[in-house]
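There are 2 protein chains.
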Amino acid sequence: MSEPKSANITWHGAIVTPEERTAAVGQRGAVVWLTGLSASGKSTIARRAEQLLLERGHSAYVLDGDNIRFGLNKDLGFSPADRTENIRRIGEVAKLFADGCVVTLTAFISPYRADRDSVRAIMPEGTFFEVFVHADLAVCEERDPKGLYKKARAGQIPEFTGISAPYEEPAAPEMTIRTGEGSVDACAMQILDHLAKAGIIRA
Amino acid sequence: MSEPKSANITWHGAIVTPEERTAAVGQRGAVVWLTGLSASGKSTIARRAEQLLLERGHSAYVLDGDNIRFGLNKDLGFSPADRTENIRRIGEVAKLFADGCVVTLTAFISPYRADRDSVRAIMPEGTFFEVFVHADLAVCEERDPKGLYKKARAGQIPEFTGISAPYEEPAAPEMTIRTGEGSVDACAMQILDHLAKAGIIRA
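Protein sequence lines, in the order shown, are assigned to chains A and B. In case it helps, our numbering puts the first sequence at residues -14 to 188. In case it helps, our numbering puts the second sequence at residues -14 to 188.
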């Protein structure tokens, strides 16, 4: 739906303009949307990038699938409809953070292309960066830090991405990070370099 | 519900500790939860406080009822159940912002005491500040900037707080701001002074 269900609401004129906020905070906001299979390395890269950004005096925050499901989205499961609502809500929250001039790193499988494109569509032009965290299924299944692939193969987890539910690779991501080829630091620095070139943070 | 519906998830060990983040950002995070009748002045005070905080080099952001209903909560109306879910989601988002060391000001009618207490319950001790924005119903109805009270009195808006739906006043708010007695700046400064005394921001 494009219109809110609740009527009789109007936009507030924000006292702080986006330009004033950017000047006050010293950077623009952006959403760095990491997508990829379970165990591909999304959270690890996002959290290292966050740390590097904070060390450099930038404002950064990670929205993490494993964490957010204990809070905002604890009413949602893994059905296709719930996955879509999961990503919709996270996209809206990421947009709020970015509006607050925070570099917002999100680390969710987000397997459906349409869902990711919906988030891109609500973001201001040039502030959404889709990052395909690429690792072969066999590699992810070999890592399997939480034993989830093993359980999925045993039929104990239904609708598991890559095994019994689809993963739709990004068609034209802003970045592709191959986590089998380089250190965590090198992967995280790819993100910082890209944000600097895009004018989100100072170089 | 207290447990997430989705199983097979674990907490990530955050690389950035809360202490490291506080040091990097230069302040603690907090939720300043403004509650009161429509037209009591919540958004105006929140946005002025945000501006004053940003001018002083602090990190601040307003979550606003009128704005958030176009995004995160556009699927929700004004029934009691939807109002509760509205506040639950906003509380979880405010918690995320506060975790990112942002002073998060929320401006929602939030008429139910139980809903506000639920938000308080998920916040770390000493980081939730309930602010009762107090103005008599007659004053709010006289202001009526959007003509909502007029419509509610005419029966055109069902479940309107103060007219056809209840407002439960805070029993023990951290602050009470009487918007009929003092300028917007004076009201906003009450918040900054309180945050400084509480050690959230530097004095």
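In this text, a Cβ means the ideal position worked out from N, Cα and C, and glycines have one as well.
Three or more beta-carbon pairs separated by less than 8 Å link the stretch 161 to 169 of chain B to the stretch 116 to 127 of chain B, which places the two stretches in contact.
Taking 9 Å as the threshold, the shortest C-beta distance from ILE185 of chain A to chain B does not fall below it. The straight-line gap separating the alpha-carbon atoms of ALA171 of chain A and LYS182 of chain B is approximately 43 Å. Per DSSP, the unbroken alpha helix (DSSP H) holding ILE30 of chain B starts and ends at 27 to 40. With respect to chain B, the C-beta atom of LYS80 of chain A has a partner C-beta closer than 9 Å. Taking C-beta atoms under 8 Å as the contact rule, ALA137 of chain A and PHE145 of chain A qualify, at a distance of about 4 Å. DSSP lists A:ALA92 as the beta-bridge partner residues of ASP49 of chain A. In the displayed model, HIS179 of chain A falls within a helix according to three-state DSSP. Taking 9 Å as the CB threshold, ALA9 of chain A lines the interface with chain B. Counted as a single uninterrupted DSSP element, the alpha helix (DSSP H) harbouring ALA79 of chain B occupies residues 65 to 84.
By the rule that beta-carbons nearer than 9 Å mark a contact, GLY111 of chain A does not touch chain B. Secondary structure of GLU154 of chain B (DSSP, three-state): coil. With a threshold of 16 other beta carbon atoms within 10 Å, GLU40 of chain B falls short and is exposed. Using a CB distance cut-off of 9 Å, TYR46 of chain B counts as an interface residue toward chain A. Note that the C-beta distance between ARG33 of chain B and VAL116 of chain B is not below 9 Å. Nearest in C-alpha terms to GLY56 of chain B, of all of B:ARG74, B:PRO65 and B:GLY42, is B:ARG74.
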